[in-house]
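Inspection log for the structure reproduced underneath, given as structure tokens.
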């Protein structure tokens, strides 16, 4: 064994001495590249990819999970002070199901799962306390799902019912939140926590919920102020306007790029939306129609003066007109007409939803120079597609200006150079690997050639010795040749079937002994 090692060592030294300086450099480089590639492949192929199994765990749940993983002999890693547990990606889903079957994690608080087991002999007071603890745990789990919240504690106080209304106290609650580093709760988020707790507890009002952070700052202050509500409304309105502008810009740009070419049109929109809620009441009267009509006629005829004056006086005594003389009789005629009309009345009540376009301005820039006719056609197309209304004050500007593509061309050139350098690097590594393989193949071929030459030399030497021995030996007779042939056959049989030859010899010996 030692001699074989020494022979291999001598061959390696001889091979190294036969290489030139460049060949040695190429050989070493190739071997190094192959070794590095093999090492990297071994490391990355054999190392599993770790992904989070659970995050933001409390110490009790983290301890339970790590104990389970140790028991099952599963690799894991801890991050964020033990709050995050990472496991191999291939085992993540199976571990989640297994842990859920074990009731892990419990979320750091006891929820309504405590009522899954019936407790005999439990009093109503104990059951009420257990319900309160479970309710607090469920609220803690819900609030902890908020993004800024890292941990939370909820305490609820529900007073005992009183026989007198004036002595009955209101339910209260306190919420302690631990925020994530760099996070904060907005006023509306605090109000959301208050409303969430109040909605989950019977008889609890949101104003009786106090929210405090871990620094002792009182975060709760009632409902959001008018300023906060106004700011929130303004922000929402701006987002709606911006979304409308983006959709309009995207639609018009897509249409124009079909005409002037890809990347040769820029569209900018500025919209003002009307967010006022308008209620319209309208009464409309049509043509009048006669429903009923009443006509009255009165005729009165008088032949003398009526009595007048104070009773019992001479003036009160009537006088009589003589026949054939005096004043003519009087006649009165009165006509009254009353007409009732049916009025055609229409009442309209309409509510205009907010969000209508109040004013719209568009700016369109096209790459290159356009003739006036072409530019006017594009202006008409954009105006019709956007639904512009001049009476509303809408504006549209279309300009054709050659675009400055220096920056984009420089970026494209730089990206092309980076891609070229990356390709050259890949080609260089591939070339080194190829050269290393070629050198290795050349070395192996050289070794095979040397071995073949050595074997040929050895075979030639043996042939020469055999010829020399044959020349020295005298020529055999026919009987000696036959004897030599038989001896050779016997030797061949001994080599090929030693057991059969042994049996034949035993049989011969047995016959001689007889």
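In full-length UniProt numbering, the protein residues as written are 1 to 514. Heads up, the beta-carbon is just placed ideally off N, CA and C, and yes, glycines get one too.
Helix, strand or coil: which one does DSSP assign to residue i?
{"i": "residue 510", "result": "helix"}
{"i": "residue 220", "result": "coil"}
{"i": "residue 92", "result": "helix"}
{"i": "residue 261", "result": "coil"}
{"i": "residue 274", "result": "strand"}
{"i": "residue 443", "result": "helix"}
{"i": "residue 432", "result": "helix"}
{"i": "residue 196", "result": "helix"}
{"i": "residue 76", "result": "coil"}
{"i": "residue 87", "result": "strand"}
{"i": "residue 389", "result": "coil"}
{"i": "residue 501", "result": "helix"}
{"i": "residue 36", "result": "helix"}
{"i": "residue 516", "result": "Because the chain here runs from 1 to 514, residue 516 falls outside it and cannot be looked at."}
{"i": "residue 453", "result": "helix"}
{"i": "residue 323", "result": "Low per-residue confidence applies at residue 323: pLDDT is 49, beneath 50, and the placement is therefore not dependable, though the value from the model is reported in the following sentence. Three-state DSSP puts residue 323 in coil, outside helix and strand."}
{"i": "residue 405", "result": "coil"}
{"i": "residue 190", "result": "helix"}
{"i": "residue 102", "result": "coil"}
{"i": "residue 283", "result": "strand"}
I'd like the span of the alpha helix (DSSP H) that includes residue i, first residue to last.
{"i": "residue 487", "result": "478–496"}
{"i": "residue 377", "result": "372–386"}
{"i": "residue 52", "result": "No alpha helix (DSSP H) holds residue 52; the beta strand (DSSP E) holding it covers 50–54."}
{"i": "residue 352", "result": "Where residue 352 is concerned, there is no enclosing alpha helix (DSSP H), although the beta strand (DSSP E) it sits in stretches over 345–352."}
{"i": "residue 61", "result": "59–71"}
{"i": "residue 129", "result": "124–143"}
Suppose you measure from the CA of residue i to the CA of residue j; what does that come to, to the nearest Å?
{"i": "residue 385", "j": "residue 260", "result": "16 Å"}
{"i": "residue 349", "j": "residue 190", "result": "40 Å"}
{"i": "residue 143", "j": "residue 71", "result": "33 Å"}
{"i": "residue 133", "j": "residue 59", "result": "20 Å"}
{"i": "residue 486", "j": "residue 34", "result": "60 Å"}
{"i": "residue 481", "j": "residue 14", "result": "49 Å"}
{"i": "residue 282", "j": "residue 357", "result": "23 Å"}
{"i": "residue 217", "j": "residue 150", "result": "16 Å"}
{"i": "residue 180", "j": "residue 53", "result": "20 Å"}
{"i": "residue 369", "j": "residue 393", "result": "28 Å"}
{"i": "residue 406", "j": "residue 19", "result": "54 Å"}
{"i": "residue 323", "j": "residue 289", "result": "Confidence is the limiting factor: at residue 323 the pLDDT is only 49, short of 50, which leaves the residue's position unreliable and the question unanswerable from this model."}
{"i": "residue 276", "j": "residue 177", "result": "39 Å"}
{"i": "residue 272", "j": "residue 241", "result": "7 Å"}
{"i": "residue 202", "j": "residue 155", "result": "14 Å"}
{"i": "residue 506", "j": "residue 498", "result": "12 Å"}
{"i": "residue 472", "j": "residue 501", "result": "Confidence at residue 472 is low in this model, with a pLDDT of 49, below 50, so its placement is unreliable and the value that follows should be read with caution. So the two alpha carbons sit approximately 34 Å from each other."}
{"i": "residue 88", "j": "residue 65", "result": "15 Å"}
{"i": "residue 367", "j": "residue 427", "result": "40 Å"}
{"i": "residue 389", "j": "residue 395", "result": "8 Å"}
{"i": "residue 184", "j": "residue 213", "result": "10 Å"}
{"i": "residue 573", "j": "residue 39", "result": "In the structure displayed, the chain extends from 1 to 514; residue 573 sits before or after that span and is not available."}
{"i": "residue 414", "j": "residue 450", "result": "53 Å"}
{"i": "residue 295", "j": "residue 347", "result": "33 Å"}
{"i": "residue 37", "j": "residue 429", "result": "10 Å"}
{"i": "residue 157", "j": "residue 137", "result": "14 Å"}
{"i": "residue 251", "j": "residue 239", "result": "18 Å"}
{"i": "residue 120", "j": "residue 128", "result": "15 Å"}
{"i": "residue 24", "j": "residue 48", "result": "38 Å"}
Report the residue from the options whose alpha carbon sits nearest the alpha carbon of residue i.
{"i": "residue 337", "options": "299, 293, 331, 352", "result": "293"}
{"i": "residue 197", "options": "380, 441, 139, 480", "result": "139"}
{"i": "residue 434", "options": "174, 273, 31", "result": "31"}
{"i": "residue 377", "options": "500, 131, 400, 394", "result": "400"}
{"i": "residue 86", "options": "55, 296, 240, 188", "result": "55"}
{"i": "residue 95", "options": "380, 81, 80, 68", "result": "68"}
{"i": "residue 12", "options": "395, 192, 122, 443", "result": "443"}
{"i": "residue 50", "options": "90, 421, 37, 16", "result": "90"}
{"i": "residue 341", "options": "297, 334, 291", "result": "291"}
{"i": "residue 175", "options": "211, 148, 141, 205", "result": "211"}
{"i": "residue 576", "options": "214, 171, 185", "result": "Beyond the ends of the chain as shown, which are 1 and 514, falls residue 576; an answer cannot be given."}
{"i": "residue 274", "options": "237, 215, 445, 335", "result": "237"}
{"i": "residue 278", "options": "351, 234, 298", "result": "351"}
{"i": "residue 300", "options": "417, 332, 248", "result": "332"}
{"i": "residue 82", "options": "445, 62, 417, 93", "result": "62"}
{"i": "residue 335", "options": "360, 254, 297", "result": "297"}
Counting along the chain, where does the beta strand (DSSP E) carrying residue i start and finish?
{"i": "residue 178", "result": "171–179"}
{"i": "residue 157", "result": "149–157"}
{"i": "residue 205", "result": "204–213"}
{"i": "residue 358", "result": "356–366"}
{"i": "residue 396", "result": "395–400"}
Looking at the ligand SAH, does it come within less than 7 Å of residue i, judged from the CB to the closest heavy atom?
{"i": "residue 506", "result": "Among the components of this structure there are no ligands whatsoever, and the ligand SAH is therefore not found."}
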